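For reference, the structure is listed below as structure tokens.
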Amino acid sequence: GQQLNQSPQSMFIQEGEDVSMNCTSSSIFNTWLWYKQEPGEGPVLLIALYKAGELTSNGRLTAQFGITRKDSFLNISASIPSDVGIYFCAGPEGAQKLVFGQGTRLTINP
Amino acid sequence: EAQVTQNPRYLITVTGKKLTVTCSQNMNHEYMSWYRQDPGLGLRQIYYSMNVEVTDKGDVPEGYKVSRKEKRNFPLILESPSPNQTSLYFCASGFGGRSYGYTFGSGTRLTVV
């Protein structure tokens with residue numbers, strides 16, 4: 487099946503810094519999704535992207551659907567403590583299955 | 095409140111003792127799915143269901159069974175659990191099709207000793 491590779495695997499930053507992470511695929515996706523998982527909870531959808539080149543924001547979060555359709559990027563501006571968690575990219579494989587990346591674990595020092 | 099409810103949240107069991115993890119959603123979603131989460135591997139799909147009585151295998155179905163007798167419920171059954179099934183399990187539901195904004199449950203942490 488398709489594989490998604492996220493980078494970096496973990497990040498340790500200071501509060502207030504901007505964050506960038508990316509996700510690449512071995513094949514083309516028509517949809518890119520970004521989820522956040524907080525400790526002890528299930529993933530929650532942050533942003534959905536449906537068109538190549540699309541740039542979508544959700545508060546301090548901005549995600550982009552890469553032009554090649556094989557990558558996507560997530561940026562968080564002015565990080566705050568509640569941004570801590572694991573961020574997953576995901577894309578559909580077939581009609582009813584989501585493939586997930588390995589996740590980027592974000593830790594913030596206050 | 096719209097939600098996906100999994101039970102139990104935590105479970106420790108012994109090898110070979112059959113167990114069931116329940117999943118229920120109150121959003122009238124057609125699509126339901128089970129994932130397992132392991133360090134460094136992200137979430138991998140075990141089984142999914144597109145509607146009542148319609149189920150199909152995901153990427154890692156070995157050692158698991160599911161059933162979808164009612165729209166709201168999608169239990170995960172481990173007939174003979176083994177230590178390699180120790181993991182964090184998530185149930186998810188959604189409307190399917192191009193609407194991929196699935197709602198996840200809070201997870202079930204299973205330990206098989």
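Protein chains in written order, with this note's numbering: chain A, 487 to 596; chain B, 95 to 207.
For every residue, glycine included, the Cβ atom is placed at its ideal position computed from N, Cα and C.
This one's a predicted model, so the numbers in the text were calculated from it and none came from an experiment.
- Using a Cβ-Cβ distance under 8 Å, would residue 157(B) count as near chain A? Residue 157(B) sits at position 63 when you count from the first residue of the second sequence. For residue 157(B), the answer is no, since every Cβ of chain A falls outside 8 Å of its Cβ.
- Member of 568(A), 492(A), 527(A) and 536(A) whose CA lies at the smallest distance from the CA of residue 595(A): Stepping through the first sequence from its first residue, residue 595(A) is reached at position 109. When each option's Cα is compared against that of residue 595(A), the closest is 568(A).
- Over the uninterrupted beta strand (DSSP E) stretch that includes residue 578(A), give me the two end residues. As a position in the first sequence, residue 578(A) is number 92, starting the count at 1. Residue 578(A) -> beta strand (DSSP E) spans 571 to 578.
- Message: Suppose the cutoff is 6 Å on Cβ atoms and the five residues either side in sequence are ignored; what does the same chain contact list for residue 121(B) look like?
- Response: Against the second sequence, residue 121(B) aligns to sequence position 27. Cβ within range, chain order: 96.
- Query: Got a sec, what are the start and stop residues for the beta strand (DSSP E) residue 522(A) sits in?
  - Reply: Against the first sequence, residue 522(A) aligns to sequence position 36. From DSSP, the beta strand (DSSP E) with residue 522(A) extends over 518 to 523.
- Item | Range of the contiguous beta strand (DSSP E) that encloses residue 505(A) | Locating residue 505(A) in the first sequence gives position 19, counting from the first residue. From DSSP, the beta strand (DSSP E) with residue 505(A) extends over 505 to 511.
- Query: Interface residues of chain B around residue 574(A) at Cβ under 9 Å?
  - Reply: Position 88 of the first sequence, counting from 1, holds the residue named residue 574(A). Near residue 574(A) (Cβ distances below 9 Å), the residues of chain B are 136 and 137.
- Message: By the 7 Å beta-carbon criterion, what residues does the stretch 139 to 169 of chain B contribute toward chain A?
- Response: 139, 142, 144, 152 and 153
- Message: To the nearest angstrom, how far is the alpha carbon of residue 543(A) from that of residue 586(A)?
- Response: As a position in the first sequence, residue 543(A) is number 57, starting the count at 1. As a position in the first sequence, residue 586(A) is number 100, starting the count at 1. Distance between the alpha carbons of residue 543(A) and residue 586(A) is about 21 Å.
- Query: Do the CB positions of residue 202(B) and residue 183(B) come within less than 8 Å of each other?
  - Reply: The sequence position of residue 202(B) within the second sequence is 108, counting from 1. The sequence position of residue 183(B) within the second sequence is 89, counting from 1. Result yes, Cβ atoms of residue 202(B) and residue 183(B) sit closer than 8 Å.
- Could you check how far apart the C-beta atoms of residue 591(A) and residue 572(A) are, in whole angstroms? I think they sit under 8 Å. Working through the first sequence from its first residue, we reach residue 591(A) at position 105. Working through the first sequence from its first residue, we reach residue 572(A) at position 86. Confirmed, Cβ separation roughly 5 Å.
- Task: Could you tell me how far apart the beta carbons of residue 119(B) and residue 181(B) are, in whole angstroms, since I believe they sit closer than 8 Å?
- Result: Start at 1 with the first residue of the second sequence, and residue 119(B) comes out as number 25. Start at 1 with the first residue of the second sequence, and residue 181(B) comes out as number 87. In fact, because the Cβ distance is near 21 Å, the residues do not count as touching under 8 Å.
- CB contact below 8 Å: residue 588(A) versus chain B: Along the first sequence, one-based indexing puts residue 588(A) at 102. Closer than 8 Å: yes.
- Message: Since residue 529(A) and residue 574(A) should fall inside the 8 Å C-beta cutoff, what is the C-beta to C-beta distance between them, to a whole number of angstroms?
- Response: Position 43 of the first sequence holds residue 529(A). Position 88 of the first sequence holds residue 574(A). That belief holds up - the Cβ atoms of residue 529(A) and residue 574(A) are roughly 6 Å apart, short of 8 Å.
- Task: Using the DSSP secondary-structure output, state which residues sit across from residue 497(A) in a beta bridge.
- Result: To locate residue 497(A), count along the first sequence from 1; it is residue 11. The partner list for residue 497(A) (beta bridge, DSSP) reads 592(A).
- Query: Counting only beta-carbon atoms, is residue 118(B) nearer than 8 Å to chain A?
  - Reply: Here the question's residue 118(B) lines up with position 24 in the second sequence. Cβ-Cβ to chain A under 8 Å: no for residue 118(B).
- Same chain, Cβ closer than 6 Å to residue 116(B), five either side skipped, listed in chain order: In the second sequence, counting from the first residue as 1, residue 116(B) sits at position 22. The residues are 101 and 169.
- Task: Could you check how far apart the C-beta atoms of residue 154(B) and residue 138(B) are, in whole angstroms? I think they sit under 8 Å.
- Result: Taking the first residue of the second sequence as position 1, residue 154(B) is located at position 60. Taking the first residue of the second sequence as position 1, residue 138(B) is located at position 44. Rounded, the Cβ-Cβ distance is 5 Å, consistent with contact.
- List the residues of chain A whose Cβ lies closer than 7 Å to the Cβ of residue 125(B), in chain order. Here residue 125(B) refers to the residue found at position 31 of the second sequence. Ordered by position in chain A, the residues that pass the 7 Å Cβ test against residue 125(B) are 582.
- Item | Secondary structure of residue 120(B), DSSP reduced to three states | Mapped onto the second sequence, residue 120(B) falls at position 26. Reduced to three states, the DSSP call for residue 120(B) is coil.
- Query: How should residue 103(B) be labelled, buried or exposed, when 16 other C-beta atoms within 10 angstroms of its C-beta is the threshold for buried?
  - Reply: Numbered from 1 along the second sequence, position 9 holds the residue referred to as residue 103(B). Exposed: under 16 other Cβ atoms inside 10 Å.
- Query: Does the beta carbon of residue 528(A) sit closer than 8 Å to a beta carbon anywhere in chain B?
  - Reply: As a working mapping, residue 528(A) is identified with position 42 in the first sequence. Yes, its Cβ sits closer than 8 Å to a Cβ of chain B.
- Query: With a cut-off of 8 Å, do at least 3 Cβ pairs link the stretch 516 to 528 of chain A to the stretch 494 to 501 of chain A?
  - Reply: no
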